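Numbering (this note's numbering), first residue to last: 25 to 166.
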Amino acid sequence: MGPAALLVDVANWSTILACLVLKLPQGVALLAAKSARGVSLESLLLELSGFIVCLRYMSYYNYPLPTYVEYPIIIVQDVILLLFVLHYTGKMKHALPYTVMYPLIIYLFISIYIAFLAGLLAFHLHELNNSPPPHAHFKFDV
Numbered sequence: 025m026g027p028a029a030l031l032v033d034v035a036n037w038s039t040i041l042a043c044l045v046l047k048l049p050q051g052v053a054l055l056a057a058k059s060a061r062g063v064s065l066e067s068l069l070l071e072l073s074g075f076i077v078c079l080r081y082m083s084y085y086n087y088p089l090p091t092y093v094e095y096p097i098i099i100v101q102d103v104i105l106l107l108f109v110l111h112y113t114g115k116m117k118h119a120l121p122y123t124v125m126y127p128l129i130i131y132l133f134i135s136i137y138i139a140f141l142a143g144l145l146a147f148h149l150h151e152l153n154n155s156p157p158p159h160a161h162f163k164f165d166v
């Protein structure tokens, strides 16, 4: 193993180790204060959405696992923080709808986005080949 490969391994492992404790201070602060004051539920959901989209993108396009292994670790920590926030704001009874609806909404948005990109790619590929796109069966005369 050369020095470059060793450096890459050290960088990968240090990233994973840092991600293991990334949300720990925030979780400890929430537990110690027994309050979610100052933590925005909306921003936590937005952050969680971003990590899920990145994870889905990288897994869908078969990126090597070491390039995105930190995302599941951070997602688990964000879900735990989300449960703390729901508990301390008295909204724990809302956790079930969040738990059911959130993955469905994320899946729906990702599916729509990927379908849009696939359609855009098909359109441009046909345009590059100087052929009409698959949905252009007729012309408009102006």
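C-beta: ideal position from N, C-alpha, C; glycine also.
All values derive from a computational prediction rather than experimental measurement.
Beta-carbon gap between residue i and residue j smaller than 7 angstroms
i   : j    : result
V63 : V34  : no
Y95 : L106 : no
P88 : N36  : no
As assigned by DSSP and simplified to three states, the class of residue i
i    : result
R61  : coil
F164 : For F164, the predicted model reports a pLDDT of 48, less than 50, meaning its position is unreliable and no value from the coordinates is stated.
Y85  : coil
K117 : helix
Segment limits, alpha helix (DSSP H) that includes residue i
i    : result
T39  : P27 to L44
V109 : E94 to Y112
With 16 other Cβ atoms within 10 Å as the buried cut-off, status of residue i
i    : result
L70  : exposed
F162 : Residue confidence for F162 is low, a pLDDT of 48 falling below 50, so the modelled location carries little weight and cannot support an answer.
L54  : buried
A60  : buried
L72  : buried
L144 : exposed
L141 : exposed
A160 : Reliability fails at A160, whose pLDDT of 49 lies under 50, so the model's placement of it is uncertain and no value is given.
L68  : buried
Rounded Cβ spacing between residue i and residue j (contact assumed at less than 8 angstroms)
i    : j    : result
I97  : L44  : 6 angstroms
F75  : D102 : 7 angstroms
V93  : I40  : 6 angstroms
Y112 : K58  : 7 angstroms
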